[in-house]
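To start, the structure under review is shown below, and the notes come after it.
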Amino acid sequence: MPFAGIDIGSTMTKAIIVDHEERILASVIGPTGAEHRHLALKVIDEALQKASLAMEGLDFIVATGYGRISVPFADKQITEITCHARGIRALLPTVRIIIDIGGQDSKGIKLDNEGKVANFVMNDKCAAGTGRFLEVIAETLGLKLDRLGKISLTAEAYVQISNTCTVFAEHEVTSRLAEGASIPEIVAGLHEAIAGRVINMVRHLGMEKDVVVTGGGAMNIGLVRAIENKVGFPVLIPPEPLLTGALGAALAGHDFVRRGVTPDHGRRRERVTFFQ
Amino acid sequence: MEQKEQTKTTAVKGTDMARKVRGLVKNIYRSAHEAKAQGKKVAYMMVSSQYDEIIRAMDVVPIPTENYAGLCAAKREMDRFLLKAEADGYSQVLCSYARIGLGFDSLRKELGGIPEGAPDGGMPTPDMMLGSSAVCDPRYKWFQAAGRYLDVPTYSIDVVWPPVDADLKAVRDHYIQYQKEQFQGLISFMEQQTGKKLNKERLWETIRLSDEAWRLWYEIDRMRVAIPSPMPAQDHFSVMVAGYYYPGMQEAVDFYQSLYDEVKYKVENKIGVIPDEKYRILYGGGLPPWHTLWIFNYFESFGAVFAIERQYRAYDPVEVPSSVKDPVEFLAWRSFLRATQFYEKARANSGNPTVERLLGMIDRYAIDGVVFHACRSCRATTIGQVHYKNILGRYTDIPMMQLVSDMVDLRDYSEAQWKAQIGAFIETLAGRSAR
Numbered sequence: 001m002p003f004a005g006i007d008i009g010s011t012m013t014k015a016i017i018v019d020h021e022e023r024i025l026a027s028v029i030g031p032t033g034a035e036h037r038h039l040a041l042k043v044i045d046e047a048l049q050k051a052s053l054a055m056e057g058l059d060f061i062v063a064t065g066y067g068r069i070s071v072p073f074a075d076k077q078i079t080e081i082t083c084h085a086r087g088i089r090a091l092l093p094t095v096r097i098i099i100d101i102g103g104q105d106s107k108g109i110k111l112d113n114e115g116k117v118a119n120f121v122m123n124d125k126c127a128a129g130t131g132r133f134l135e136v137i138a139e140t141l142g143l144k145l146d147r148l149g150k151i152s153l154t155a156e157a158y159v160q161i162s163n164t165c166t167v168f169a170e171h172e173v174t175s176r177l178a179e180g181a182s183i184p185e186i187v188a189g190l191h192e193a194i195a196g197r198v199i200n201m202v203r204h205l206g207m208e209k210d211v212v213v214t215g216g217g218a219m220n221i222g223l224v225r226a227i228e229n230k231v232g233f234p235v236l237i238p239p240e241p242l243l244t245g246a247l248g249a250a251l252a253g254h255d256f257v258r259r260g261v262t263p264d265h266g267r268r269r270e271r272v273t274f275f276q
Numbered sequence: 277m278e279q280k281e282q283t284k285t286t287a288v289k290g291t292d293m294a295r296k297v298r299g300l301v302k303n304i305y306r307s308a309h310e311a312k313a314q315g316k317k318v319a320y321m322m323v324s325s326q327y328d329e330i331i332r333a334m335d336v337v338p339i340p341t342e343n344y345a346g347l348c349a350a351k352r353e354m355d356r357f358l359l360k361a362e363a364d365g366y367s368q369v370l371c372s373y374a375r376i377g378l379g380f381d382s383l384r385k386e387l388g389g390i391p392e393g394a395p396d397g398g399m400p401t402p403d404m405m406l407g408s409s410a411v412c413d414p415r416y417k418w419f420q421a422a423g424r425y426l427d428v429p430t431y432s433i434d435v436v437w438p439p440v441d442a443d444l445k446a447v448r449d450h451y452i453q454y455q456k457e458q459f460q461g462l463i464s465f466m467e468q469q470t471g472k473k474l475n476k477e478r479l480w481e482t483i484r485l486s487d488e489a490w491r492l493w494y495e496i497d498r499m500r501v502a503i504p505s506p507m508p509a510q511d512h513f514s515v516m517v518a519g520y521y522y523p524g525m526q527e528a529v530d531f532y533q534s535l536y537d538e539v540k541y542k543v544e545n546k547i548g549v550i551p552d553e554k555y556r557i558l559y560g561g562g563l564p565p566w567h568t569l570w571i572f573n574y575f576e577s578f579g580a581v582f583a584i585e586r587q588y589r590a591y592d593p594v595e596v597p598s599s600v601k602d603p604v605e606f607l608a609w610r611s612f613l614r615a616t617q618f619y620e621k622a623r624a625n626s627g628n629p630t631v632e633r634l635l636g637m638i639d640r641y642a643i644d645g646v647v648f649h650a651c652r653s654c655r656a657t658t659i660g661q662v663h664y665k666n667i668l669g670r671y672t673d674i675p676m677m678q679l680v681s682d683m684v685d686l687r688d689y690s691e692a693q694w695k696a697q698i699g700a701f702i703e704t705l706a707g708r709s710a711r
């Protein structure tokens, strides 16, 4: 009895297939792009191939993430808040606060003692405090996104960067460079800015141990350290921080089957495109 | 290229009477235009200023400028007024009600008449502007700023109330005396502008009608504890028009009597807003998103009904001592009692009167979750929301969510963001009820 979860985020599409003992059979991470309905099928096909399965062999498919509505082969759609919670509950059951820093949003999720969502907060419609903020600035600095974390750890101090607006921060970075700040100091300042914005938001939930960081932000060691400085204790990082939402979606599918829920409608293997 | 308009932005109402409110709103501006044509005095005014009965008793026709801003937003006709005010130098963080009002006044002056296509025929040029310090600071300065565009006299009153930890017995008489003097100043000003004296018998009559309307409205809301919910929050944000813009008028009493009968019938026959009510939500505060009221129906599509709301529900009826024989003094007493009616309870429990009201509603209306609306340009109703949430969290573990936009400025609204949050909120409620 295999179950699939597909998480269509703003920048990456992630798919996971688990078996009835909730062991991961396959996982795939691919880019999202404008054609995410098209890419969703590509990613799930790749995961099916890895697991040596066919779509018809899946007992339940749950889609999550911003693009979840546009997945014609999904049996159910669930928000990423619930899926992250379900995924983390399976991976790290002691966690009470999830900080997810994704491509275009960041969120905090509070879990109750059973690992269910008790409350949540999300950033408003602004890219500051999200992965997009780092992407834009990395481009300005001519750096690769995945190098930012290690670069910032070489800084002995950080320069203050405004966390209110990505566009203004970009101008600010240029000014700081002109003033003679080093790149590590600037990158460390960016991490401070994001961590400050995210932690201020998450504090609305009441900070409680254990805290886990997920999403692309969890793969940036400099940002994780900045978050730890703000909360005052070490945070947990799951083995695959990008995949907790997709994992939670697959496990939610298993939960549905256990509760006797049948799929909403027939699956459609359509290569849907926005540009038809 | 033409903009593709969103087909539905207003909310589907739950009661027949709420559907009739549109006529009351149209009548506000039609009456003002007619009064103006007949040479009667018309005045810009502000909601919750405690002076409504005086305006009616003086036979001055009120033009509620804030309501006009909400109307423009509901009609999605706000941008040209907002942009005009901003072009005139008003900041985008200034109250968007004020920006719409100032932008409207500026355009009317520039064009030499009502801007074409202005909702409900627009606001006629007032003969006077009656401001107040109640609710927030921009209101106190708004009409003064409107003097750039309008060569009419302005009078603003102070509306005061003590802090929650004050010794009410010690400060009461001082507050009431001060408030009475504020009203007397307003009356003198209006007598000067209209050339006639206030008839105190007429003022008593407007107070009687006003209090009767509010009493009926209070009784209606008490019936809303019923399950399933007979009347949702989006209806409240319509039916408030009678209470806030028709106080002192027989129309308000008649309206609430009919609404009372309708809600009573729905309660007795268990007729709910939606057929399958799963969750009961409290609208915890923040001005409503006038630009997107259909969002209440979006919640309903998941089985969630807004059973009650705190916004535009400033006070419950109060009992002024029968020894008060002067109507102006009565208004001062009523204002004081309204403002302090939850103080005692607050001091005995959470320390915060707003939290006490919310806790009372959560309990009485069997609430499953609370939604706040943070309005970027309304400090008065937004500041404190996180604080309320934090204090509420000590007494209840129901989920609470804050949506962010503005009461009328659509540029602060993101539909995708709201739908993502609402989806997660509903799942959180579902997760709790499944336990």
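Respectively, the protein sequence lines represent chains U and G. The numbers in our numbering rise by one with no breaks, and the one at position 156 of the first sequence is 156. One rule links them: number in our numbering = place in the second sequence (from 1) + 276. By construction, the Cβ of each residue, glycine as well, lies at the ideal position given by its N, Cα and C atoms. Bear in mind that the values here come from a model prediction, so they are computed numbers and not experimental data.
Buried or exposed by the 16-neighbour rule on C-beta atoms within 10 Å, applied to residue i
i             : result
residue 682/G : buried
residue 595/G : exposed
residue 381/G : buried
residue 213/U : buried
residue 692/G : exposed
residue 359/G : exposed
residue 113/U : exposed
residue 369/G : exposed
residue 254/U : buried
residue 1/U   : exposed
Within chain G, the residues that residue i reaches when beta carbons sit closer than 8 Å
i            : result
residue 90/U : None at all; the shortest Cβ gap to chain G is about 16 Å.
residue 79/U : 696, 699, 700, 703
Min CB distance residue i to chain U below 8 Å
i             : result
residue 469/G : no
residue 676/G : yes
residue 682/G : no
residue 336/G : no
residue 662/G : yes
residue 665/G : yes
residue 562/G : no
C-beta neighbour in chain G for residue i, strict 8 Å
i             : result
residue 113/U : no
residue 119/U : yes
residue 274/U : Only weak support is given to the placement of residue 274/U: the predicted model assigns it a pLDDT of 44, under 50, and the value that follows is read from those uncertain coordinates. No, its Cβ sits nowhere closer than 8 Å to a Cβ of chain G.
residue 82/U  : yes
residue 12/U  : no
Chain-order list of residues whose beta-carbon lies under 8 Å from that of residue i (same chain, five-residue window excluded)
i             : result
residue 222/U : 148, 149, 150, 151, 152, 153, 187, 188, 191
residue 539/G : 291, 496, 499, 500, 506, 507
residue 696/G : none
Contacts around residue i, its chain only, beta-carbon distance under 7 Å, and the 5 residues preceding and following it disregarded
i             : result
residue 636/G : none
residue 81/U  : 107, 109, 117, 120
residue 69/U  : 77
residue 418/G : 374, 377, 407
residue 395/G : 347, 348, 351, 353
residue 199/U : 227, 230, 231
Chain-order list of residues whose beta-carbon lies under 6 Å from that of residue i (same chain, five-residue window excluded)
i             : result
residue 605/G : 456
residue 510/G : 287, 569, 572
residue 425/G : 381, 382, 385
residue 659/G : none
Three-way DSSP call (helix, strand, coil) for residue i in this model
i             : result
residue 180/U : coil
residue 27/U  : strand
residue 522/G : coil
residue 12/U  : strand
residue 123/U : coil
residue 273/U : Note that residue 273/U has pLDDT 48, beneath the 50 cutoff, so the model's placement of it is unreliable and the number below is only indicative. Residue 273/U falls in the coil class under three-state DSSP.
residue 663/G : helix
residue 678/G : strand
residue 110/U : strand
Proximal residues of chain U, C-beta to C-beta of residue i below 7 Å
i             : result
residue 579/G : Correct list: empty, because the minimum Cβ distance to chain U is about 16 Å.
residue 423/G : Near residue 423/G there are no residues of chain U at all, since even the closest Cβ is about 34 Å away, more than 7 Å.
Residue i: contacting residues in chain U (beta-carbon distance under 8 Å)
i             : result
residue 644/G : Those within 8 Å of residue 644/G in chain U number zero; the least Cβ separation is about 13 Å.
Chain G residues whose Cβ lies nearer than 9 Å to that of residue i
i             : result
residue 260/U : Per Cβ cutoff of 9 Å: no residues; residue 260/U is ~14 Å from chain G at best.
residue 204/U : 662, 665, 666, 678
Contact list for residue i against chain U, beta-carbon separation under 9 Å
i             : result
residue 673/G : 112, 118, 119
residue 389/G : None at all; the shortest Cβ gap to chain U is about 38 Å.
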